[in-house]
Amino acid sequence: MLTTHPFQDDKLREECGVFGIWGVESASAIVALGLHALQHRGQEAAGITSWDGRTFHSHRAQGHVAGNFDRDDIIRRLAGDAAIGHVRYSTTGETALRNVQPLFAELSSGGFAVAHNGNISNAMTMRRDLNRRGSIFQSTSDTEVIIHLVATSGQRGLLDRLIDALRQVEGAYSLICLTSEGMIACRDPLGIRPLVMGKLGESIIFASETVALDMVGATYLRSVEPGELIQVSDEGIVSHRPFSPVRPRPCIFEHIYFSRPDSVIDGRSVYTVRKRIGAELAIESPVEADYVVPVPDSGVPAALGYAQQSGIPFELGIIRSHYVGRTFIQPGDKVRHLGVKLKHNANSALIAGRSIVLVDDSIVRGTTSMKIVEMMREAGAREVHMRIASPTTHSCFYGVDTPERSKLLAANMDVAEMTRHIGADSLAFVSIDGLYRALDEAGRNHAMPQHCDACLSGDYPTRLTDQERLDPADQFALLAERFA
Ligand code: SF4
């Protein structure tokens, strides 16, 4: 049976990364490089759409950026000085390709391609309304709802039609749109998903993370502000702010796990924030131990922070193989540990007879934690203390693949039960205030939270119309469609 590696399957998964550039020769080649830097945000499919001044060209495929967009023939076909691209997660299957972005439509005003990071939380409701009004959908992606709203808008210019469409949707969107007249990048009013702007020579770039700017040698200019639309064309750059201002709530999980540690979000180094989360954990939940051991790779910065704050030596007690893909053949029960050890193996010579603090970024279902604690015990660890950089208790409806609440360990057990469940000697999570302190805040402002932290607090910053209105069977169908 083919399955996702258990260490990956037990993580929240960011579903998308976007990249676009206007005004450079061979724009698609630059987009391919940028998408490569964003591969961690979506590893199942990738696509690029370009504009050569007369025609749009598009190539979308399942699989990694490398393997699809490192081919000369494909990049040559994606001709033009402007291009946008997208990486995404999706389940595999025959129907998956139609959901791979950028999505493209010939509107009455001309071609319109869109790459979307996020999720529209009233997409199903809007889709039903549009269906009733005669819209015919090509995909099951919520992004196509935006295209249909643009197509059916009563406004005149494309920008006004896009604004009209975005006024009708709820949820999270960082969009890069490509038209024959220019590129439009925009972020939802709460700025839930990230989007940054950079410059390469005279060309303007938009990307989900600064690491993609680094990859192509571009200079970081600034973040696209929450609620801002930036229009780039041969005439220049124009910023629009068509929405009533609200206090932004960017996703706190970008700092904890999704973004690459070498990215910078709103002036804060992701790596530094993760180390500070580890330091907060050490202050809040100290324990005597011989070594601090990270769960690789995502737990490494927090483990370094824990070690530096506590004075306990940092050691690599788990070694990760970099030569195993995300998918592997699941062995039968008798040899199931071999599957786990393909990617992570205990450094037994270090661990045996020692007391260790294991540090990871999150517990989702708990299957990873259980397997790792078991691996440490088998390697002879005397005590295993688990410290976690986030307690995930609720599902995300803003573009992150989370299991339903009933499958989230921290939503269904208290800490003592979880400790027994994963087989650790002790378990502790950083507090939500500790997370905010790691972000240079005094703590969480409960009256006006500074971030979206809904998967940790249950405090959702937008309405969840589809969840409120649809019966459970429809909600299930919606989820199934989203991941089709
Ligand atoms: S619910 Fe969690 S993962 Fe989703 S946007 Fe909010 S903080 Fe990020």
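Numbering (my numbering), first residue to last: 2 to 485.
C-beta: ideal position from N, C-alpha, C; glycine also.
Note that the coordinates shown come from a computational prediction; the quantities given were computed from them, not determined experimentally.
Q: Note down the Cα distance separating His256 from Val271, rounded to an integer number of angstroms.
A: Counting from one through the sequence shown, the residue named residue 256 turns up at place 255. Counting from one through the sequence shown, the residue named residue 271 turns up at place 270. Each residue's Cα considered, the two are about 5 Å apart.
**Q.** Short Cβ contact (8 Å threshold) for Thr211 with Ser264
**A.** The residue given as residue 211 occupies position 210 in the sequence shown. The residue given as residue 264 occupies position 263 in the sequence shown. Yes, they are a contact pair.
(Q) Using CA atoms only, rank isn't needed, just tell me which of Ile423, Pro295, Phe105 is closest to Cys178. (A) As a working mapping, residue 178 is identified with position 177 in the sequence shown. Checking every option, the nearest Cα to that of Cys178 belongs to Phe105.
Q | Cβ neighbours of Glu153 in the same chain (closer than 8 Å, five flanking residues each side left out) | A | As a first step, residue 153 is located in the sequence shown; it is residue number 152 there, counting from the start. Note on identity: in this sequence residue 153 is Thr, with Glu being the wrong assignment. Cβ within range, chain order: Leu131, Arg134, Ser136.
Q) When the Cα atoms are used, what is the spatial distance from Met376 to Val360? A) Your numbering for residue 376 matches position 375 in the sequence shown. Your numbering for residue 360 matches position 359 in the sequence shown. Each residue's alpha carbon lies about 14 Å from the other.
Q: Leaving out five residues on either side along the sequence, give the residues of the same chain with a beta carbon under 6 Å from the beta carbon of Pro295.
A: Position 294 of the sequence shown holds residue 295. Cβ neighbours of Pro295 beyond the five flanking positions: Val301, Ala304, Val360.
Q | Assigned exposure category for Asp298 - 16 Cβ within 10 Å defines buried | A | Residue 298 sits at position 297 when you count from the first residue of the sequence shown. Burial call: exposed.
(Q) Extract the residue ranges of the alpha helix (DSSP H) inside the stretch 411-474, only unbroken runs of 4 or more that lie entirely within it. (A) 416-423, 433-439, 455-458, 466-470
**Q.** Cβ contact (3+ pairs, closer than 8 Å) linking the stretch 213-232 and the stretch 187-204
**A.** Yes, the stretch 213-232 is in contact with the stretch 187-204.
Q | Beta-bridge partners of Lys200, as assigned by DSSP | A | Working through the sequence shown from its first residue, we reach residue 200 at position 199. Lys200 is bridged to Ile205, Thr220.
Q. Does DSSP put Leu230 in a helix, in a strand, or in coil?
A. Locating residue 230 in the sequence shown gives position 229, where the first residue counts as 1. In this structure, Leu230 counts as strand in the three-state DSSP scheme.
Q) For Arg337, is the classification buried or exposed, using 16 other Cβ atoms within 10 angstroms of its Cβ as the cut-off for buried? A) Here residue 337 refers to the residue found at position 336 when the sequence shown is read from its first residue. Because the pLDDT at Arg337 is just 47, under 50, the model does not fix this residue reliably, and the value given afterwards should be weighed accordingly. Exposed, by the Cβ-count rule.
Q | Rounded straight-line distance, which links the Cα of Gly435 to that of Asp415 | A | On the sequence shown, residue 415 is found 414 positions in, with the first residue counted as 1. On the sequence shown, residue 435 is found 434 positions in, with the first residue counted as 1. Distance between the alpha carbons of Asp415 and Gly435 is about 19 Å.
Q: Going by CA-CA distance only, name the one from Asp82, Pro314, Gly155, Lys344 that's closest to Ser1.
A: Residue 1 is absent from the structure shown; the chain starts at 2 and stops at 485.
Q: Could you pull out every residue in the same chain whose Cβ sits closer than 7 Å to the Cβ of Arg99, ignoring the five residues on either side in sequence?
A: In the sequence shown, counting from the first residue as 1, residue 99 sits at position 98. Spatial neighbours of Arg99 in its own chain (CB-CB distance under 7 Å, excluding positions within 5 residues in sequence) are listed in chain order as Gln139, Ser140.
Q: Since I believe Val358 is in contact with Arg388 (beta carbons under 8 Å), could you give me their beta-carbon distance rounded to a whole number of angstroms?
A: Walking along the sequence shown from the start, residue 388 turns up at place 387. Walking along the sequence shown from the start, residue 358 turns up at place 357. Indeed they touch by this definition, with Cβ atoms about 6 Å apart.
Q.
At the level of alpha carbons, what is the spacing between Val401 and Ala114?
A. Along the sequence shown, one-based indexing puts residue 401 at 400. Along the sequence shown, one-based indexing puts residue 114 at 113. Cα to Cα, Val401 sits roughly 22 Å from Ala114.
Q: Starting from Leu159, follow the alpha helix (DSSP H) in both directions and report where the run begins and ends.
A: Position 158 of the sequence shown, counting from 1, holds the residue named residue 159. 159-168 is the span of the alpha helix (DSSP H), which, as asked, contains Leu159.
Q. Apart from the five residues on each side of it in sequence, which residues of its chain come closer than 6 Å, Cβ to Cβ, to His37?
A. For this step, residue 37 is matched to residue 36 along the sequence shown. Excluding positions up to five away in sequence, the list reads Val66.
Q. Residues bridged to Arg129 by DSSP?
A. Taking the sequence shown and counting its residues from 1, one reaches residue 129 at position 128. According to DSSP, which records beta bridges pairwise, Arg129 is partnered with nothing at all.
Q | Ser391 versus Cys252 - alpha carbon distance | A | Locating residue 391 in the sequence shown gives position 390, counting from the first residue. Locating residue 252 in the sequence shown gives position 251, counting from the first residue. Whole-angstrom Cα-Cα distance: 13 Å.
Q. Under the rule that 16 or more other beta-carbon atoms within 10 Å means buried, what is Met449, buried or exposed?
A. Translated into positions along the sequence shown, residue 449 becomes position 448. That one is exposed.
Q | Contact set for Val19: own chain, Cβ-Cβ below 6 Å, skip 5 residues either direction | A | As a working note, residue 19 is residue 18 in the sequence shown. Once the five neighbours on either side are set aside, the close Cβ partners of Val19 are His87, Ala116, Asn118, Ile177, Ser209.
Q | Buried versus exposed, by CB contacts within 10 Å (16 or more), Asn69 | A | Within the sequence shown, numbered from 1, the residue matching residue 69 stands at position 68. So Asn69 counts as buried.
**Q.** Burial state of Gly183 (16 or more Cβ within 10 Å)
**A.** Within the sequence shown, residue 183 is the residue found at index 182, counting from 1. A buried status is given to Gly183, since no fewer than 16 other beta-carbon atoms sit within 10 Å of its beta-carbon.
Q: Check whether the Cβ atoms of Ala46 and Ala28 lie closer than 8 Å to each other.
A: The residue given as residue 46 occupies position 45 in the sequence shown. The residue given as residue 28 occupies position 27 in the sequence shown. Not closer than 8 Å, so no.
Q: With a cut-off of 8 Å on the beta carbons, I'd call Leu440 and Ala213 a contact; round off their distance for me.
A: Reading the sequence shown from its first residue, position 439 is the one you call residue 440. Reading the sequence shown from its first residue, position 212 is the one you call residue 213. Under the criterion of beta carbons closer than 8 Å, Leu440 and Ala213 do not qualify as touching, at roughly 22 Å.
(Q) Contact between the stretch 307-314 and the stretch 278-290 is defined here as three or more beta-carbon pairs at a separation below 8 Å; is this criterion met? (A) yes
Q | Three-state secondary structure (DSSP) of Gly94 | A | Mapped onto the sequence shown, residue 94 falls at position 93. Reliability of the predicted coordinates at Gly94 is poor, the pLDDT of 37 falling under 50, and no value is obtained from them.
Q.
Here's a check: name, in chain order, each residue in its chain whose Cβ is nearer than 7 Å to the Cβ of Gly381, leaving out the five neighbours to either side.
A. Here residue 381 refers to the residue found at position 380 when the sequence shown is read from its first residue. The residues are Ser349, Ile352, Ala353, Gly354.
**Q.** Assigned secondary structure, Thr211 (DSSP; H/G/I helix, E/B strand, else coil)
**A.** Stepping through the sequence shown from its first residue, residue 211 is reached at position 210. Thr211 falls in the helix class under three-state DSSP.
(Q) Comparing C-alpha positions only, which one of Ala412, Gln232, Ile373 sits nearest to Ile164? (A) In the sequence shown, the residue the question calls residue 164 occupies position 163. When only C-alpha atoms are compared, the closest one is Gln232.
Q) Taking DSSP as the reference, what is the three-state secondary structure of Val115? A) Position 114 of the sequence shown, counted from the start, is the residue given in the question as residue 115. Val115: strand per DSSP, three-state reduction.
(Q) Which same chain residues end up closer than 7 Å to Ser110 when comparing Cβ atoms and leaving out the 5 residues on each side of it in sequence? (A) Locating residue 110 in the sequence shown gives position 109, where the first residue counts as 1. The residues are Leu159.
**Q.** Three-state secondary structure (DSSP) of Gln102
**A.** Locating residue 102 in the sequence shown gives position 101, where the first residue counts as 1. Note: Gln102 maps to coil in three-state DSSP.
**Q.** Tyr437 versus Arg42: straight-line alpha-carbon distance, rounded
**A.** Here residue 437 refers to the residue found at position 436 when the sequence shown is read from its first residue. Here residue 42 refers to the residue found at position 41 when the sequence shown is read from its first residue. Roughly 23 Å between the two C-alpha positions.
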